[in-house]
Structure formats: C-alpha cells, structure tokens
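Number of protein chains: 4
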Amino acid sequence: METLTEQILAQTIRVRPKESHKGTYGRVCLVGGNDHFGGAILMATEASVYSGAGLNTTLTDPSNFISLHSRLPEAMVANFTNRDELTDLVSAANTVVVGPGLGTTDTSLSVLKAVFDTVSDNQTLIVDGSAITLISKHDLKLPKAHLVFTPHQMEWQRLSGIKIAAQTDEANEAVRRQLGGTVVLKSHQTKIYTPTGSFLNTAGTPAQATGGMGDTLAGMIGGFTAQFADQTNAVLAAVYAHSAIADELAQSQYVVLPTQIIHQLPRYMHEHQG
Amino acid sequence: METLTEQILAQTIRVRPKESHKGTYGRVCLVGGNDHFGGAILMATEASVYSGAGLNTTLTDPSNFISLHSRLPEAMVANFTNRDELTDLVSAANTVVVGPGLGTTDTSLSVLKAVFDTVSDNQTLIVDGSAITLISKHDLKLPKAHLVFTPHQMEWQRLSGIKIAAQTDEANEAVRRQLGGTVVLKSHQTKIYTPTGSFLNTAGTPAQATGGMGDTLAGMIGGFTAQFADQTNAVLAAVYAHSAIADELAQSQYVVLPTQIIHQLPRYMHEHQG
Amino acid sequence: METLTEQILAQTIRVRPKESHKGTYGRVCLVGGNDHFGGAILMATEASVYSGAGLNTTLTDPSNFISLHSRLPEAMVANFTNRDELTDLVSAANTVVVGPGLGTTDTSLSVLKAVFDTVSDNQTLIVDGSAITLISKHDLKLPKAHLVFTPHQMEWQRLSGIKIAAQTDEANEAVRRQLGGTVVLKSHQTKIYTPTGSFLNTAGTPAQATGGMGDTLAGMIGGFTAQFADQTNAVLAAVYAHSAIADELAQSQYVVLPTQIIHQLPRYMHEHQG
Amino acid sequence: METLTEQILAQTIRVRPKESHKGTYGRVCLVGGNDHFGGAILMATEASVYSGAGLNTTLTDPSNFISLHSRLPEAMVANFTNRDELTDLVSAANTVVVGPGLGTTDTSLSVLKAVFDTVSDNQTLIVDGSAITLISKHDLKLPKAHLVFTPHQMEWQRLSGIKIAAQTDEANEAVRRQLGGTVVLKSHQTKIYTPTGSFLNTAGTPAQATGGMGDTLAGMIGGFTAQFADQTNAVLAAVYAHSAIADELAQSQYVVLPTQIIHQLPRYMHEHQG
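What follows is the structure, encoded as structure tokens:
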C-alpha cells in the first residue's frame, strides 16, 4: 500500500490550456438531497463548482433549489423525481455523483435506480452515502461505468459484507475487484483501493470530524474526475487535497467546516497544479 | 461563588484524539424556531456546528428549512411537529437544545412535551427561552436528564417564582437544587449554579446586548456538552467563551452580533484548547 | 443652516453602560417590503440591527421571511397583514420605521393606516419611501408621535406640495412646522429640518447613488433613535454616519452598495462613540 | 481588428459627477431565469448592481425571488409572465438584458416576444444565452433598439448561420451589419464587432472557463451601458474588465468563479476610472 503525497496533485491537476472553454472542464451531475438532508447535496455541488468543473447540475428535491441558489448561483437545478430530465441530464454528464443526502425512502430508491439505468460505461459514477446503503439493502445491480464508491467503514460493511474489524486490505481489495471500480474507504486514515493499486492517505485531522465532510469529498471527486483524464489519479488527488486543506485550516481552527475546505480549493489547486 | 477564568477553557476543550470520527464529537438535536422566531434556532444551530459538534439536526417549523440551509448546509433538518421523527432524532442525540424561538403557542407546547417525553437520563437537555416560559406557565413536569436551564432574569422569575430583586445566590441555589440540574442565570454578569458549586462570569460586554445572544449561547452549550465529558465544565466553558469572544470583538465594534461570535469559535477554541 | 460635522457622532453615540441588557438599546419595528420590493425592508432591518438596536422585528409580506433570515437571523418576522400582530408589535416598539418597499397598493395603504392607528406620542415613527407617497396620495391624517420623514426631493414635492425648484429652506421649514416633526430631505447634499434648527450634510459621495441607500438610511435612523435619547441628534448622527461611511468606502470603490455601508456600522460607531 | 487595452476603461468609466442621484446611473431591467437556470439571472443581476447601475429590476420566475434577495437585497423583482408589469418595467429601463437562464420553453418564448414588443429605439437591449437560441429557432423579428448580442460560437452559428469553422471576421461582420447592432462573440479570445469597428480581447484566462461567466458578462454590459453614454465603449469596457479581473484573480486561483469577478467590480472600476 502506497502512501499518498503531495506529488499526486502535480501529477493530476493540469495547467489549463489557453484555448479552452467550459466544456473542456467537464459536466458534473450531482444527485441527492431529500427534504431532510438537503445540505449534503449543497456541499457536494459547492465542492464540484469550486474544484473547477465546467458545468454543474444538481438533481434534488425541489425544496433545496432556493438554498442552493442562495449560496451558489453557478449551479443549475432539476427535480430528481422528473425521470425525463434526470435521463437527459445524467446522460449528458461526464461524471455523476449520486447519494449525498439522498435518503433511503422509496423515492430515494427510485431515483438511484433511474441513475443506474441511465449511466453508461464511458461515464464516471461516484456512489456515496445513502446510495451505498440502498445498494446493500436492495441488492441492486451495479451499472457499467467507472465506479467510485466512497463508504465510511459502516457503509463498507453493509456493501461488502465485511465486518469493520475484519476490513483488512486483502479482504477489501477482494470485494473491490468484484465490484469492479475504485473504493475510497473513509476513516481517520482513508484507504483507496483502485484497479492499479492501493493507497493510504495519512493527511487529515480530527478537526474535520464533522457532518458534511463526506459529501464534500464526493463533490470534489466529482469535480476532479470531470476535469482530469486519469480517473484513478483524479480520485487520489481529490482525497489528498480534501485532507491537506483541512490540515492547513486546522493549524488555526479547532473544527474545520466542510464549506471552509471548499472555499480554499481555487487557491490550493492553483498552488499545486502540475 | 467562584469567578470563571480562561482556565476553564483549557480544562474543558480537549485536544482532539487523532483516531476519531464525527460520532466521537457528539450528536446535537436543536428544537425550536416557529414561523416568527426562526432566526433563533438558526443561530443556536450555527453555534453548535461552529463549536464542533459532530452531527447537528434542527427540528423546527418547515418554513425555516431553506434559510437554515442557505446559511449552513452542515446541519440536517426535520419538522418539529412530526412526532415520529422527533422521537427518533431526539432519542439518538447526546445533547438536546429546546426552546430558541419555539414560541408559546399550542404547537410549541406540544413540541416541548414531546421532547420531555423522549429524553432520558443519559442525555443532556438545554432548556432555553420559550421552553422556560412554557414550563412556568403550564407547570410541566421535568424529564430525567442532565438539565441545563438558561433563563434571563425575568424567565428565572417565572420558573423559580423568585422576583428579580430577590434573586440572591441562596434563593437561586435552593431552587436549582429542587430542579436538579444546572442554571445559567443570564444578566450583564451571568451566574451559573451547578451541582458542584456556583460561578460568576465577569467576562462580557454591553456591546453584546442584542437579540439572539441567548440563542447563540444555548447552541454553544449544546455543542460543548455534546463534545466534552464533564458536563458542568462544558457549560462553564461555553458561557465563558461566549463572553470572551464578545470582549475581543468589542475592542473594535460598538455592537457585536451573535453570528459574529459564532464565526470566531473555531479559531478561539483552537487557541484555548487544553 | 448648520453644517453637520463628525462632532454629532460623539454627542450622540453614547458609551454603553456596563449594566445593561438588550432592552436598554430599544426595540425597533420595521414595516414594509411587498412581493416586489422585499429587498428594501431587508436592508432597512439589516441597518437597524448593525446599528445596535436591541430587538428588531420586521413586519412584511411573508414572501420575504426566508430571504431576511438567510441574511440576518438576528431579526424576528411577522406578516404585516395580520392586524393583531401588527398592533402588538408596533405598540411594543420604541421606534417604528414604515415605508421601505411597502408599495402603493391597497394592501400597502391598509398596512400604513394600521401603523398610524397604533403608534402613540411616546414613540418615534420614521416615514419613508412608499409611505410618503401614500400619505400624499390619500391625504392621510398623521398620527401623534415623534415623526421623522425621509423623502427624496420628488417625494417631498408630493408631500409638501412644493415643486423641486421651489424647495427653499424657508418653504421647507414652513411645511415641516405644519407636519410637526423632522424632515430629512435627501439629495446629493441632504438637509435636515428639525424643531431645533436646520442642518446641512456635506458628507456623501456619488458612489452611493444606487438603489437601496434610502432604505438603509431609514433603518439606521430607526436603530439610532431606538438607542439614543436625543431624538434629533439621533437622526442627525445617522444621516452623517451613513454618508461618512460611504465616503470611506468610496476611497477604493466606484460604487458603494447599501449592504457594504451597513456592515461597517459596528466598527465605525465604535470609533466615533462619545 | 483593434486589440483592446486598459485604455478603454479610462475612456469609458467616467468620474461620477458630485451632483447626481441614482437616476443618473441608469435603470436596468434583467429578464431571465426559469425554474432550472435561476442562477444565471442572479449572476447577471449581481453583475449589474456591482457595476454601479442606479436601479436594477429582475424579471424572472417567482421561484427565484427568494434566492435573489438572499444574495442581493439591492435589486427589485417581478414575475416575468406578468405582461403588464413586464411592459411597465421594460419600458422604464435604459438598458434591458434578456436571456440569462431564460430557457427555450413556450413561456421563455412568450417572455422574449413581450420584451421585443416593448423595447424601443432609445433603449439598449442585450440579447444573451437562450434568447439567442430562441431567435434562431423561431426566426423572430428583432426590435428597433441598440442591440448587443453576446453569443458563444455555437449560439453565433445558430443566429448567423455561419458554421464555427467558417466564422471569419468578414463573414461575422457581414451578418452583424444585417442584424444592425453589436456582436460580442465569446471564445477564449472574444471578438467584438461594432458599427464603428472590430475589436479583439486578448485578456482572459482558462481559469474562467466555468458556468455562469456569460451571464455575468451580460449583466456587466447591462450595468455599463446604463451608466456610460458611448454605448459601444460601454460594451468594450465591460468585456475587457470582465477578463482583466479574471486575470487578476487567476494569479492565485485555479478556477475563477463568476461571483468572485462580480465582487471585484467596485474596486476595479475605481482604479480604472477616467
């Protein structure tokens, strides 16, 4: 298992070509946020926008439209229960993030299935939060796509069937191979299991142990995979940057809020581009 | 009566252990905010989040969901009149804050009763604002829990039956013993009556004499009691920090707004951790 | 006509007494903001809160509740068409500001009449914007109260019957005497006609010639009159501070937005207290 | 084709005359923002306000009122499907911006036609985004007004019939002459075709290749044309300032968000006024 270092940033965050437009930097669709957990999809979206993704659309419960635009007019919105719009928007995306604040109701399940029915194998799909729980509970068939799972340890137990105490690298890697994508197993030292090897993230701080950190990371992975060609590196760089920014802020803060990390992204990515 | 000093901070605000996750820092449920006083529960929630509580859920009138998320996507929301959700969420919390902006209508009373019916003796319950008035008015039976009352002098008169002019330490302590918890009696020099002694807070400034300060303090006590083991010290540290941050800001401000105090918490707590 | 100087600030903005609470700094009720001009009452309220008024309640169209709380949880809200609530809240205020964004519909008129029917002679009533137009159009009888009118030149023409070109000090003062209060006649050099003399404000900058400045001034006058005993000085100090802060900001800004002035108030008032 | 330099700013951004009021700096009407793309009209409005336009009204879907006021109380709002209000407000404006987030539904078309039926030849009309697509699709007759089109290359292809690869200066200028206004052809190096010559904007950075940049530029052109007499220079100065501010921010940011550019306008315009 390789330890991630700052080098992953320069290897991943490319200097932007002069001749480019917003389409060059990808299109991200973020799906989640019911009437209780709207903040989760707001943070995921904000993280994708501040990562530099070219176009961002949030598919969510309509009760979240106003708060999203109050914070972030840069994103577009659609009702996640409108199947036609979901199909159109998800199809048009490079990267789809599904799960932050999605919940586990029938509506949540129906939305998740619609996403799974729509994504295709040239797209990257980040599967986060409630979406992982729903897959586990309903034994959903995974779609063909570049899959990135972002469970914390309990969600990984649900998805993989491996009890937390038994979550060894070997066991985790075995299930990852079955799932066929990348697994970001979040804990105080996050491990990333990928088709090309496993990585340990030693960056990060207990100051970031607060609600919304996972949603923010999912959004960053969305923004990074939409922009940067090497999908594995994009995931690794997002994980590293997320923790490294928190480390910076924790030098003067007892707790680091997710939105504070997000707002540092443009500066941090500038300083660490390749 | 002992005078609080900065020492209470280092005794209370622990250096966060490296191996931890959001669950380590507690789960706070904040209940309040009707259709007139929604700002109160917003400030209480914001204070709890910026104090570093791991997970924060706001039970409030649905008309406050959007403004809460516009300011603070880090918190989750639920309708305080949905009894099943209230029961689930309140039961799952370490600390419950009830009262900021709750109002004194039949709905307010019903919500308060539901909270009282749900909390149990391993939880801390902060009873603030309208909740104190409702207890006094309806002679409600108090639940078994670690109770923290945060009345200003008029609310204390209503709750204790002691007229403001007669609110001596002895009289106050006598009623506190009957109530069985901690009393934070707010005035220009707040006094805290606890099972282990009484404390005087000489920090604080008239610049903070503005609406919302009490809601903010209640939220801070929520965040501190959820995170720090010694519940009495947690209350004392929150009271002290609230005033001391105001003192800092008042060096350059004629009035100090509650939300300005809140935003200083991560830095201030970092500087004063033990 | 006396020219206002910085001295009015030190004469007015008292050092806050140590033993005080939010009630010491007054209660302001701000009435206005229909479904088109909601921003006006938001700015007026924000100005009152940042001026340091102890308690602030906004009576407005319910469509403005969420945006107000998103910006400013420190204020309370009520529906301005609820007559009972309006009566209770207006009665309880030290200062009432009526007019910002109120509009000139039947509802607007009805709200204005309700305010006029409720205020009494120990209260200060700031009459701004649409309220002035409504008085002129419907020839409303003015209530007994400490009246402060804040017209721009065209509104003053409507209210006083004096054409803009004929608005001499003598003519203006004559109408002011009839009206019986204070008139803040806004232009690039605002004049203030009071029972104890007339004043010229030479502070101010064309950078502040933008929508919302008047609403902001009305809110500041609200906050100042609620806090400071001498009602005439309170008006003069608010007018001067409003322009002087704009002058400061205009040293580095082409346009100065109302909300930018508001956010400087706590610092500016600290620097200029008596 | 002339290359734009900083000189266009000093030639355009006049020092504000001391004797002036908000009416001196124009009245802008911004029309757009359906229930999916509300952020677009929020950014356009914010750009116009921060540019210094005297009065700004946003005609949009009512679902965008609250988010707009949460961000920007300085603007007024109206429902863009209310034909009478649209007629009144558009007629009263100096500059009308139509298109940001307008969409391409029947409602969008109806709103656009209403604007076209209302504007007259002494007004400036900025035609942006969806409005350009609608004109192309429905072959709408253009109104007599000072027209400014702000297409990106694909929208220009739709409007002009010239394929992107064939968009030479000669071909573009020929269609511009037919259209009879100014064309701002957005790409990584924007070209501006005007009645008095063509201009190349070499300022700008790939860091600004993100959603909402065009909406922001449209709003800035709205604010500049409303304030500055020479309408061609106003367009040129807005285009240059938009890119030049992005260049400044890109010195420390990997991505530059539209709202970040907007917030720099008051300072930047101050530094570059004539």
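Chains as they are written, first to last, in our numbering: chain A, -14 to 259; chain B, -14 to 259; chain C, -14 to 259; chain D, -14 to 259.
For each residue, glycine too, the CB sits at the ideal point set by N, CA and C.
Fair warning: this is a prediction, and the values are worked out from it, not measured in the lab.
Check	Outcome
Flag this pair as yes or no: are the beta carbons of A/V34 and D/G199 separated by less than 9 Å?	no
Spell out a yes or no on whether the stretch -6 to 14 of chain D and the stretch 204 to 216 of chain D are touching, meaning 3 or more CB-CB pairs, one atom from each, closer than 8 Å.	yes
Tell whether a beta-carbon distance below 9 Å holds between B/S52 and C/S237.	no
My assumption, with CB atoms under 8 Å, is that A/G37 sits in contact with A/T9. Please give the rounded CB distance.	Incorrect: roughly 10 Å between the Cβ atoms, too far for contact.
Is there contact here, the stretch 216 to 232 of chain D with the stretch 186 to 194 of chain D, by at least three beta-carbon pairs under 8 Å?	yes
Would you mind reading off the limits of the alpha helix (DSSP H) that contains D/R162?	D154 to L164
Can you check which of these residues, C/L125, C/Y178 and C/K98, is closest to C/E(-13) by C-alpha distance?	C/Y178
Can you name the residues that DSSP bridges to C/F134?	C/V112 and C/V168
Just how far apart, CA to CA, sit C/E4 and C/G165?	36 Å
Starting from the Cα of D/L97, find the closest Cα among D/D106, D/A156 and D/S121 and give me that residue.	D/S121
Residues bridged to A/F184 by DSSP?	A/E(-13) and A/I177
When the cut-off is 9 Å and only beta carbons count, does B/R143 lie next to chain C?	no
Using a cut-off of 7 Å between C-beta atoms, extract the partners of C/A192 located in chain D.	R1
Considering only DSSP beta bridges, list what D/R12 is partnered with.	D/L40
Going by C-alpha to C-alpha distance, which of B/A78, B/T109 and B/A60 sits closest to A/T244?	B/A60
Leaving out the 5 sequence neighbours to the left and right, which residues in its chain are closer than 6 Å to A/W141 when beta-carbon positions are compared?	L170
Nearest CA to the CA of D/V104: which residue from D/T118, D/D73 and D/T92?	D/D73
Could you check if D/E256 is buried or exposed, using at least 16 other CB atoms within 10 Å of its CB as the buried criterion?	exposed
Tell me whether B/V96 sits in a helix, a strand or coil according to DSSP, three-state version.	helix
Ignore the nearest five residues each way along the sequence and tell me which others in C/A222's own chain have a CB closer than 8 Å to its CB.	I(-7), L(-6), Q(-4), T(-3), I(-2), F209 and F213
Opposite A/A63 in the DSSP bridges: which residues?	A/L44
Taking only three categories from DSSP, how would you classify C/T89?	coil
Run through the DSSP bridge pairs and tell me what D/V82 is partnered with.	D/L15 and D/I111
How would you write the range of the alpha helix (DSSP H) that C/Y253 sits in, first residue to last?	P243 to E256
Output, in chain order, the set of chain D residues within a Cβ distance shorter than 7 Å of C/S52.	I51, H54 and S55
Tell me whether D/Q216 sits in a helix, a strand or coil according to DSSP, three-state version.	helix
Using a Cβ-Cβ distance cut-off of 9 Å, determine whether D/M254 contacts chain C.	yes
Pull up the distance between the alpha-carbon of D/R56 and that of A/S55, whole angstroms please.	6 Å
Say whether chain A places a C-beta atom closer than 9 Å to the C-beta of B/H21.	no
Assuming contact is defined by CB atoms lying nearer than 9 Å, are D/A32 and D/L250 in contact in what I supplied?	yes
Just the chain A side, please: which residues come within less than 7 Å of D/Q238 by C-beta, in chain order?	P251, R252 and H255
In or out: D/T(-10) buried (at least 16 other Cβ within 10 Å) or exposed?	exposed
Out of A/G146, A/M139 and A/K176, which has the shortest C-alpha to C-alpha gap to A/D154?	A/K176
Please list, in chain order, the chain D residues whose beta carbon lies closer than 8 Å to that of C/L27.	H54 and P58
Do you know how far the Cα of B/V100 is from the Cα of B/H123?	15 Å
Count the other CB atoms, across all protein chains shown, that sit within 10 Å of the CB of A/Q108; report buried if there are 16 or more and exposed otherwise.	buried
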